[in-house]
Each structure stands twice: as C-alpha cells, then as structure tokens.
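Undergrad: Okay, handing you the structure first.
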Amino acid sequence: MPLPLKISGEVKESIHYTKFPTPQWWDDRAGSPIKVTDFQEWQGATGTWRGVFRDGKYVPGSGYPVLVIRVMRDEETFSAPPREEVDLPAGFDLYFDDASRDIRIVVCLDRCVHLCCSPGWQVVKHPPPEYKFLAPAPTYEKYGLDPIYCVCHGSQYEPMVLVKDVNPGNGVVYVGARHVHGPATRALPVIPVKAEKDVLVGGMPSSGWYEYC
Numbered sequence: 244m245p246l247p248l249k250i251s252g253e254v255k256e257s258i259h260y261t262k263f264p265t266p267q268w269w270d271d272r273a274g275s276p277i278k279v280t281d282f283q284e285w286q287g288a289t290g291t292w293r294g295v296f297r298d299g300k301y302v303p304g305s306g307y308p309v310l311v312i313r314v315m316r317d318e319e320t321f322s323a324p325p326r327e328e329v330d331l332p333a334g335f336d337l338y339f340d341d342a343s344r345d346i347r348i349v350v351c352l353d354r355c356v357h358l359c360c361s362p363g364w365q366v367v368k369h370p371p372p373e374y375k376f377l378a379p380a381p382t383y384e385k386y387g388l389d390p391i392y393c394v395c396h397g398s399q400y401e402p403m404v405l406v407k408d409v410n411p412g413n414g415v416v417y418v419g420a421r422h423v424h425g426p427a428t429r430a431l432p433v434i435p436v437k438a439e440k441d442v443l444v445g446g447m448p449s450s451g452w453y454e455y456c
C-alpha cells in the first residue's frame, strides 16, 4: 500500500489529531489541528500530516501518520544534526523549539522502519519493552520513560537523540529518532516542522525520507 493514500480533497500541511484504537486523552480532538501548547512535558499523541479533508472533515487513512511528542528541553541530553547539514524546506527545522515557553516537540513518522507497524508513545505496556539498549536511551536511562515503542516486534527509538541515517531502499540520507532496540536497523524518520499561530505545520524535506512502506 502506498504511503500516504491518494485521495481527492484538500491536503493540509498542518498536523491534525487522529483517534487512537484505545481510549486516550486526545481522542475528542480527532480532526483538530495540533497546537504546540496542547502538551505537557513528555505527553504525546497520534496525528496525520498532509491529511485530506472534505467539507472540513478529515478523511480517515489519508496523509502521513505521525507521532507528536513533547520532549524535555534538556540541552545536555538532547541532540540533533545542525540544521545547515540537512536540506530542509525554508522556515522549517528538525523539531519545534521555543525557549521562551520551554517547549520542544519532536514529530516522527508513525511507521516502524522494520515492517511498517505503528509505534506508540507511552500507550502500550503489554508486553512491556525490553531495556537492553544498543545505544544510549536517555528517555529511559535518565527520565525513566520508555522510548518510542513498536509493540509488534519490539523495536524502540529515542526521541531525545536525532541522527542522520540512510533509507536502504533508495539511498536517501534522512534524520530520525535513533534506533536503540529491536529488529529495526535504522532511525525512525522525523517530520520537519514549524508553528503557525501555535499550530504545528509539517514541511516535506524529500519524500524519500518516508518511502519504505
């Protein structure tokens, strides 16, 4: 199945909430724009970027599925490639950051690079993730929280450490949350973002970042 689905309608670059299969705090916001002020530290939610809307309503299954996570603004722990080393759309960055309000948000594609399952953020505990990490995982090792966790086969990704990696299917260099556990072999791609009146907006770097499902 191609990602995203090609459905006629208005494509919105802003990121909107999507309903989760089990009850979650954001379910009543499904279809609404995600604002950077919606999250407490370490809260996250599922959403869609470049979703299709008809008559003002989101068309389920359209767009790129994403995970939106407000991480800690910890400069000693958080890391990402310098922006000048990555070809990004003008006005966008690898994550949203507002020092004046102490807000930092990372947005990742919600498709595991292993077999395209849907990783989660602090929503699935059974079976619990394993804590044998292949690389430092400060989300757990410093803050006691699970990294991004794909319950299907156990892959985990660290949203506090963004790294360059290569999509083996097309050779495209991209940036993602570092792979720290499980059968996946590379980082989970991020979505470059900015905020417009506090609404999160995604920017396409290269579609090759996301071509693997």
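Quick note on numbering: the sequence shown equals residues 244 to 456 in our numbering. From the three backbone atoms N, C-alpha and C, an ideal C-beta is built for every residue, glycine too. Just so it is clear, the structure is predicted and the values come from calculations on it, not from any experiment.
Roughly how many angstroms separate the alpha carbons of Cys294 and Val356, rounded to a whole number?
TA: Residue mapping note: residue 294 aligns to position 51 of the sequence shown, counting from 1. Residue mapping note: residue 356 aligns to position 113 of the sequence shown, counting from 1. For the sequence presented, residue 294 should be read as Gly rather than Cys. For Gly294 and Val356, the distance between alpha carbons rounds to 21 Å.
Undergrad: Between which two residues does the beta strand (DSSP E) harbouring Tyr260 extend?
TA: Position 17 of the sequence shown, counting from 1, holds the residue named residue 260. Glu253 to Tyr260 is the span of the beta strand (DSSP E), which, as asked, contains Tyr260.
Undergrad: For a minimum of 4 consecutive residues, which ranges assigned as the alpha helix (DSSP H) are wholly contained in the segment 364 to 400?
TA: Within the segment 364 to 400, the complete alpha helix (DSSP H) runs of at least 4 residues are 381 to 384.
Undergrad: Take Val329 and list the residues in its own chain whose beta-carbon comes closer than 8 Å to its own, dropping the five residues that flank it on each side.
TA: Sequence index remark: in the sequence shown, residue 329 carries index 86 (1-based). Contacts found: Leu337, Lys407, Val418 and Pro448.
Undergrad: If you follow the beta strand (DSSP E) that Arg313 is in, where does it begin and where does it stop?
TA: Here the question's residue 313 lines up with position 70 in the sequence shown. Tyr307 to Val314 is the span of the beta strand (DSSP E), which, as asked, contains Arg313.
Undergrad: Quick test of your reading: Glu401 and Pro390, contact by CB under 8 Å. State the CB separation rounded to the nearest angstrom.
TA: Numbered from 1 along the sequence shown, position 158 holds the residue referred to as residue 401. Numbered from 1 along the sequence shown, position 147 holds the residue referred to as residue 390. Rounded, the Cβ-Cβ distance is 5 Å, consistent with contact.
Undergrad: Does Pro371 pass the burial test, meaning 16 or more other C-beta atoms within 10 Å, or should it be called exposed?
TA: As a first step, residue 371 must be located in the sequence shown, where it is residue number 128. Its Cβ having fewer than 16 others within 10 Å, Pro371 is exposed.
Undergrad: Measuring only the C-alpha atoms, how far is Glu284 from Ile346?
TA: For this step, residue 284 is matched to residue 41 along the sequence shown. For this step, residue 346 is matched to residue 103 along the sequence shown. Going by the C-alpha atoms only, they are around 8 Å apart.
Undergrad: Can you name, in chain order, every residue of its own chain whose Cβ lies under 6 Å from the Cβ of Thr280, other than the five neighbours on each side?
TA: Sequence index remark: in the sequence shown, residue 280 carries index 37 (1-based). Within the same chain, Thr280 has close Cβ partners Asp441.
Undergrad: Using only the alpha-carbon positions, how far apart do Ser398 and Pro381 sit?
TA: The residue given as residue 398 occupies position 155 in the sequence shown. The residue given as residue 381 occupies position 138 in the sequence shown. Answer to the nearest angstrom: the Cα atoms are 16 Å apart.
Undergrad: Which residues in the same chain as Glu439 place their Cβ atom closer than 8 Å to its Cβ, once the five residues preceding and following it in sequence are excluded?
TA: Along the sequence shown, one-based indexing puts residue 439 at 196. Ser257, listed in sequence order.
Undergrad: Run through DSSP, which three-state label would Pro245 get?
TA: Along the sequence shown, read from residue 1 onward, the residue named residue 245 stands at position 2. Interpretation of Pro245 is limited by its pLDDT of 45, a score under 50 that renders its predicted location unreliable; no figure is taken from the coordinates.
Undergrad: With DSSP collapsed to three states, give me the class of Ser361.
TA: For the purposes of this step, residue 361 is identified with residue 118 of the sequence shown, where counting begins at 1. Reduced to three states, the DSSP call for Ser361 is coil.
Undergrad: If you follow the beta strand (DSSP E) that Gly445 is part of, which residue opens it and which one closes it?
TA: For this step, residue 445 is matched to residue 202 along the sequence shown. That run of the beta strand (DSSP E) goes Val442 to Gly445.
Undergrad: Does the distance from the CB of His396 to the CB of Leu352 come in under 8 Å?
TA: Sequence index remark: in the sequence shown, residue 396 carries index 153 (1-based). Sequence index remark: in the sequence shown, residue 352 carries index 109 (1-based). It is not a contact, given that the beta carbons lie outside the stated cut-off.
Undergrad: Under a Cβ-count criterion, where at least 16 other Cβ atoms within 10 Å of its own Cβ denotes burial, should Leu443 be classed as buried or exposed?
TA: As a position in the sequence shown, residue 443 is number 200, starting the count at 1. So Leu443 ends up on the buried side.
Undergrad: Is it the case that the Cβ atoms of Val409 and Val416 are separated by a distance below 8 Å?
TA: Locating residue 409 in the sequence shown gives position 166, counting from the first residue. Locating residue 416 in the sequence shown gives position 173, counting from the first residue. Yes, these two residues count as a Cβ contact at 8 Å.
Undergrad: Who are Ala420's beta bridge partners in DSSP?
TA: Numbered from its first residue, the sequence shown carries residue 420 at position 177. DSSP output for Ala420 lists Leu405 and Leu431 as bridge partner(s).
Undergrad: Look up Arg297 in the DSSP assignment and say whether it is helix, strand or coil.
TA: Locating residue 297 in the sequence shown gives position 54, where the first residue counts as 1. The answer is strand: DSSP assigns Arg297 an E or B state.
Undergrad: Return the chain-ordered list of same chain residues with a C-beta closer than 6 Å to the C-beta of Asp340, the five sequence neighbours on each side being excluded.
TA: In the sequence shown, counting from the first residue as 1, residue 340 sits at position 97. So the list reads Arg347, once near-sequence residues are dropped.
Undergrad: Please identify the residue among Ser343, Phe296, Thr291 and Asp271 whose C-alpha is closest to the C-alpha of Ser251.
TA: The count along the sequence shown starts at 1 and reaches residue 251 at position 8. When each option's Cα is compared against that of Ser251, the closest is Phe296.
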